[in-house]
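Novice: When you line the sequence shown up against UniProt numbering, it's residues 1 to 121, in that order. We put the CB at the ideal spot given by N, CA and C, even for glycine. This structure is a prediction, so every number in the text was calculated from the model and none was measured. Shown below is the structure under consideration.
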Amino acid sequence: MKYRVDGLQLRCVDSFKYLGSTIFVDGSLDKEITSRIQKASQALGRLRLEACASDRLGWRSLTSRATAAFEEDRRRRLAAARDRRHRAASTSVQNTNFQCNTCGRLCASSFGLQSHMRRHR
1 MKYRVDGLQL
11 RCVDSFKYLG
21 STIFVDGSLD
31 KEITSRIQKA
41 SQALGRLRLE
51 ACASDRLGWR
61 SLTSRATAAF
71 EEDRRRRLAA
81 ARDRRHRAAS
91 TSVQNTNFQC
101 NTCGRLCASS
111 FGLQSHMRRH
121 R
């Protein structure tokens with residue numbers, strides 16, 4: 001069937017909004033319940049945010065503490081990564097067998113030794 005309203009043909013849809021609810025062709029309520037739960041969750045999140053924002057001093061101290069904790073953790077991780085890199089670099093150089101005959105420098109590979117030897121030419 002084709003229905004027309006003011007000369008415009010209506011198209012068939014599987015769902016539509018009516019008075020704040022979503023009506024489905026099959027009449028199931030599962031999607032409607034899920035939709036309402038999501039809307040309620042979003043409203044609760046906005047309410048919590050507004051409650052925090054209304055207490056400006058508390059909000060600022062909370063964000064300052066969180067920022068400081070994040071920065072401290074970030075710096076601690078960077079320092080740990082830097083230490084791991086330095087330890088790995090120092091252990092790898094000690095295990096090399098490629099030593100310059102001229103100056104005694106240790107190289108990590110034969111290619112590195114050949115590259116270094118160009119300095120002494």
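Beta-carbon within less than 7 Å of residue 59's beta-carbon, same chain only, minus the 5 sequence neighbours each way: which residues are those?
Specialist: Closer than 7 Å at the Cβ level, and outside the excluded window around residue 59, lie 52 and 53.
Novice: Among residues of its own chain, excluding the 5 on either side of residue 28, which ones have a beta-carbon nearer than 8 Å to its beta-carbon?
Specialist: So the list is empty, once near-sequence residues are dropped.
Novice: Considering only their Cβ atoms, is the gap separating residue 41 from residue 32 smaller than 8 Å?
Specialist: No.
Novice: Taking the C-alpha atoms as reference points, what is the distance between residue 88 and residue 114?
Specialist: Each residue's Cα considered, the two are about 23 Å apart.
Novice: Over what stretch of residues does the beta strand (DSSP E) that includes residue 17 continue unbroken?
Specialist: Residue 17 -> beta strand (DSSP E) spans 15–18.
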